[in-house]
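See below for the structure under consideration.
In the numbering used here, the protein residues as written are 3 to 206.
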């Protein structure tokens, strides 16, 4: 969690229009059209876009990994992990409830090359700091045990089955499979919920 705390300092200072020395090792990359980019030594990239006319603040967190990193026989892991990130951590027993208590509009999505989470909250320093700490905490300390996985698996399966009779989605899947015979791009991002493969991991 401590690795993301300097990000909160940057965003809060930017939102307040203040000038402050950056944390050690952090550098300003560029600024354009009101958006400022910062780079951290650990590879983290931060884009700050303050807009004092808006009553809300949005944190859009993108990880550059997705379903194409799923191993053979493990398709579905990236999508399943996205769902698990909304359940529990070692110190947060109900992440969804905590988000609702902060009146957050939130969601996540999984694609081939990235997994994304966003939170939109009231534009206060406290809410922004809380959102940053939440996402740092759940990425490092998310709980993944069989009871939680079994429960969330039904949700992931429902998402997958929603498109089972959609001709457009089926055509798109067949096109991907033809274009990418031996690459994970041949698996539709919706097929990240290919449950039969994932379930083999939780047999025991």
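A virtual CB, placed ideally from N, CA and C, is assigned to each residue, including glycine.
This one's a predicted model, so the numbers in the text were calculated from it and none came from an experiment.
Local conformation of residue 20 per DSSP, three classes: Confidence is the limiting factor: at residue 20 the pLDDT is only 45, short of 50, which leaves the residue's position unreliable, though a coordinate-based value still follows. In this structure, residue 20 counts as coil in the three-state DSSP scheme.
Euclidean distance between Cα positions of residue 186 and residue 179: 9 Å
Counterpart residues of residue 37 in DSSP-defined beta bridges: 34
Three-state class that DSSP yields for residue 106 in the structure shown: coil
Close Cβ partners of residue 32 (< 7 Å) along its chain, the five nearest in sequence each way excluded: 39
Closest residue to residue 156 among 85, 71, 80, 47 (Cα-Cα distance): 85
Per DSSP, cross-strand counterpart(s) of residue 164: Its beta-bridge partners do not exist; DSSP assigns none.
Residue 20 burial status per 10 Å Cβ neighbour count (16 or more: buried): Note on residue 20: pLDDT 45, under 50, position unreliable in the model; no value is reported.
Separation of residue 175 from residue 202, as counted between CA atoms: Confidence at residue 202 is low in this model, with a pLDDT of 35, below 50, so the placement of that residue is unreliable and no value is reported for it.
Beta-bridge pairing of residue 50 - partner residues as DSSP gives them: 38
Nonlocal neighbours in the same chain, by C-beta distance under 6 Å from residue 188, ignoring five residues either side: 178, 179, 182
Secondary structure of residue 182, DSSP reduced to three states: coil
Of the residues 137, 49, 34, 35, the one placed nearest residue 89, counting alpha carbons only: 137
Close-in-space but distant-in-sequence residues of the same chain around residue 116 (CB under 6 Å, 5 per side omitted): 64, 66, 68
Three or more C-beta pairs below 8 Å linking the segment 128 to 147 and the segment 89 to 108: yes
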